[in-house]
Every structure is written in C-alpha cells, then in structure tokens.
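Reading through the structure tokens given below for one structure.
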C-alpha cells in the first residue's frame, strides 16, 4: 500500500478596520512559493453534495482597474484551457476562446 501525501496551499489576508483586504499573501511550498504578495485572487471549489460552486473572490483596495481587467481576461483564458483538459470538448473550448478574444477586444486589452 502506498503512502498518502498531502500538499498545503495557504492564503493570508490583511484587512483594514472595515474588513477590506489591504494585502493578500499565498504560500504553496510544493510549488516553491512562500508568502508571495498578490493583488487579487479567485478560488472556486465544487461541493458535489449540493452540486454547487463555492467561491472566494478577493482583491486589495489598491488593485488598479486596468490590472483587474487583465486579471479577469487571463482567468477566463485559463478557465478555457482547464475546461478543455477536463472535458476534451474542443468545440465549446473554441467558443470560450472566441469569447475571451471578444472580451479583450471590448476592453482594449493588449495580448
């Protein structure tokens, strides 16, 4: 019988007096990341018991709007890639990529 391994990902959020994120830090020791600062994060987990996605979306109060637009675009592209790896549905992946291109065009994001 093989030994079970675990891996830990840690998120730390510094809040102001109104509980608004001021700083975000993350650690993933297995990935060589230790207490790296970030300006925004999105975390989604699937609860199969109730068949619903649970999410945490956070960004610091000094996250610039132009960077948030790029962050969203890159997240949508990554989700398209993940969808393709998970489902091998090439047709829907292409549709999602088309939307990503449209999104970037409308927001005038340079790729």
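Numbering (the working numbering), first residue to last: 1484 to 1594. Every residue, glycine too, gets a C-beta built ideally from N, C-alpha and C. All values reported here derive from a predicted model rather than from experimental measurement.
1) Output the distance between the C-alpha atoms of residue 1584 and residue 1492, rounded to the nearest integer angstrom.
2) So, do the stretch 1504-1512 and the stretch 1535-1552 have three or more beta carbon pairs nearer to each other than 8 Å?
3) Using the beta-carbon count (16 or more within 10 Å), is residue 1563 buried or exposed?
4) Taking the beta carbon of residue 1587 as the centre, do at least 16 other beta carbons fall within 10 Å, making it buried, or is it exposed?
5) Would you kindly work out how many angstroms separate the C-alpha atoms of residue 1575 and residue 1500, rounded to a whole number?
6) To the nearest angstrom, how far is the alpha carbon of residue 1497 from that of residue 1484?
7) Of all the options 1516, 1523, 1591, 1515, which has the alpha carbon lying nearest to the alpha carbon of residue 1547?
For this structure:
1) Annotation: residue 1584 to residue 1492 spans about 31 Å, alpha carbon to alpha carbon.
2) yes
3) buried
4) By the Cβ-count criterion, residue 1587 is buried, with 16 or more other Cβ atoms from all chains shown falling within 10 Å of its own Cβ.
5) 44 Å
6) Their backbone Cα atoms lie some 42 Å apart in a straight line.
7) Closest by alpha carbon: 1523.
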